[in-house]
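Just so you know, the numbering used here puts 135 at position 135 of the sequence shown, and the rest follows in order with no gaps.
Read through the structure below, which is laid out as structure tokens, and then see the notes.
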Amino acid sequence: MNVVSIDDYPLSRQGLMAVLGLESEFEFAGEASSVKEAREVIFRLKPEIIIIDLKLKDESGFDIISEVKELDSDCKVVILTSSLDPDDFKRASEFGVDGYILKDAMPEEIVNAVRLVSKGRKYYDPSIMEIVMKKENLQHNVEELTSRELEVLAALGKGLSNKDIAEQLFISEYTVKKHVSQIFGKLGLSCRTQAALYANKHKLGSLLV
């Protein structure tokens, strides 16, 4: 199958070529380092598999992925990236990419992944799947918090002490401690700093006046 590599680092492209070049079923048809180059190479060579990084200097690989998926549904798209962002994976899934591989994968893992994709199957790196599952579990867990626990969590996000929280919410410090303990348990957190980061990330500050 004809393969095109799109990555702004020459060493990454060369390394991929060296790895897949040992496999008789793959043949490199071309390479590109930018969205403009990728667009020209893809539409000229019409490869069967595209292996692309998400970050192409100041550009996004998603720009090319969307075009490829719209114009050639038979072309397989494999993302080879260092991004551990669950949102990147989610967006890739929405585009219907055929593979998502992390750059720290072993050469044999990359070969196996591309081989599976070439046969019409999907391959998602176990490491990114684990991160996505953890994020989904945390989002699910926050739904288990009571309204009072959400208020306490929001207060932790503002760096308030138990005494300050008790005064603001008109409850005892003992009750605050119980709520904090419940919050840690439900969200899998281990300290107030983690709780504060979680609260700020999920923009819970608006729960407090």
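Every residue, glycine too, gets a C-beta built ideally from N, C-alpha and C.
Would you mind sorting residue i into buried or exposed? The rule is 16 or more other CB atoms within 10 Å of its CB.
{"i": "Ser82", "result": "exposed"}
{"i": "Arg44", "result": "exposed"}
{"i": "Glu151", "result": "buried"}
{"i": "Leu22", "result": "exposed"}
{"i": "Leu71", "result": "exposed"}
{"i": "Asp88", "result": "buried"}
Less than 7 Å between the C-beta atoms of residue i and residue j, yes or no?
{"i": "Leu80", "j": "Ile64", "result": "no"}
{"i": "Glu48", "j": "Asn2", "result": "yes"}
{"i": "Ala199", "j": "Leu156", "result": "yes"}
{"i": "Ala32", "j": "Val19", "result": "no"}
{"i": "Leu84", "j": "Ile131", "result": "yes"}
{"i": "Glu149", "j": "Ile171", "result": "no"}
{"i": "Gly96", "j": "Tyr123", "result": "no"}
{"i": "Lys186", "j": "Glu144", "result": "yes"}
{"i": "Val180", "j": "Ala166", "result": "no"}
{"i": "Val78", "j": "Val68", "result": "no"}
For residue i, report the span of its alpha helix (DSSP H) as first-last.
{"i": "Ala105", "result": "Ala105 -> no alpha helix (DSSP H), and no H or E assigned at all."}
{"i": "Gly157", "result": "Ser147 to Gly157"}
{"i": "Ile183", "result": "Glu173 to Leu187"}
{"i": "Gly21", "result": "Note, Gly21: premise wrong, no alpha helix (DSSP H); not H, not E."}
{"i": "Ser5", "result": "Segment Asn2 to Ile6 is the beta strand (DSSP E) holding Ser5; no alpha helix (DSSP H) there."}
{"i": "Val78", "result": "Per DSSP, Val78 belongs to no alpha helix (DSSP H); it is in the beta strand (DSSP E), Lys76 to Thr81."}
{"i": "Glu67", "result": "Gly61 to Leu71"}
{"i": "Asp87", "result": "Pro86 to Phe95"}
{"i": "Lys119", "result": "Taken as a continuous stretch (DSSP letters only), Lys119 belongs to no alpha helix (DSSP H), as it is neither H nor E."}
With distance defined between alpha-carbon atoms, name the residue in the options nearest to residue i.
{"i": "Lys36", "options": "Leu204, Glu108 and Asp8", "result": "Asp8"}
{"i": "Lys90", "options": "Met133, Arg115, Ile50 and Gly188", "result": "Met133"}
{"i": "Ala38", "options": "Lys57, Glu27 and Ser24", "result": "Lys57"}
{"i": "Ile51", "options": "Asp87, Glu70, Gln14 and Ser24", "result": "Gln14"}
{"i": "Ser93", "options": "Asp125, Tyr174, Leu116 and Pro107", "result": "Asp125"}
{"i": "Asp104", "options": "Gln194, Ser12, Arg115 and Ser60", "result": "Ser12"}
{"i": "Arg194", "options": "Glu173, Gly30 and Lys158", "result": "Here the sequence assigns Gln to residue 194, which means Arg is not the residue at that position. Per the Cα distances, Lys158."}
Can you name the start and end residues of the beta strand (DSSP E) that residue i belongs to?
{"i": "Glu143", "result": "Where Glu143 is concerned, there is no enclosing beta strand (DSSP E), given that its DSSP letter is neither H nor E."}
{"i": "Glu27", "result": "Glu27 to Ala32"}
CA-CA distance, residue i and residue j?
{"i": "Ser147", "j": "Lys201", "result": "18 Å"}
{"i": "Ser190", "j": "Lys178", "result": "14 Å"}
{"i": "Ile6", "j": "Ser127", "result": "22 Å"}
{"i": "Arg192", "j": "Leu153", "result": "9 Å"}
{"i": "Ile110", "j": "Ser24", "result": "15 Å"}
{"i": "Val117", "j": "Cys75", "result": "10 Å"}
{"i": "Phe62", "j": "Leu54", "result": "6 Å"}
{"i": "Glu234", "j": "Val4", "result": "No information on residue 234 is available, as it lies outside the stretch 1 to 209 that the chain covers here."}
{"i": "Lys46", "j": "Met129", "result": "30 Å"}
{"i": "Ser174", "j": "Ala196", "result": "Note that residue 174 corresponds to Tyr in the displayed sequence, not to Ser. Taking the straight line joining both Cα atoms gives about 20 Å."}
{"i": "Lys163", "j": "Leu204", "result": "20 Å"}
{"i": "Gly188", "j": "Arg115", "result": "38 Å"}
{"i": "Ala29", "j": "Met106", "result": "23 Å"}
{"i": "Ser34", "j": "Asn141", "result": "41 Å"}
With a threshold of 6 Å (Cβ to nearest heavy atom), would residue i be considered close to the ligand PLP?
{"i": "Asp87", "result": "For the structure depicted, the ligand PLP is absent and the ligand set is empty, with no information on it obtainable."}
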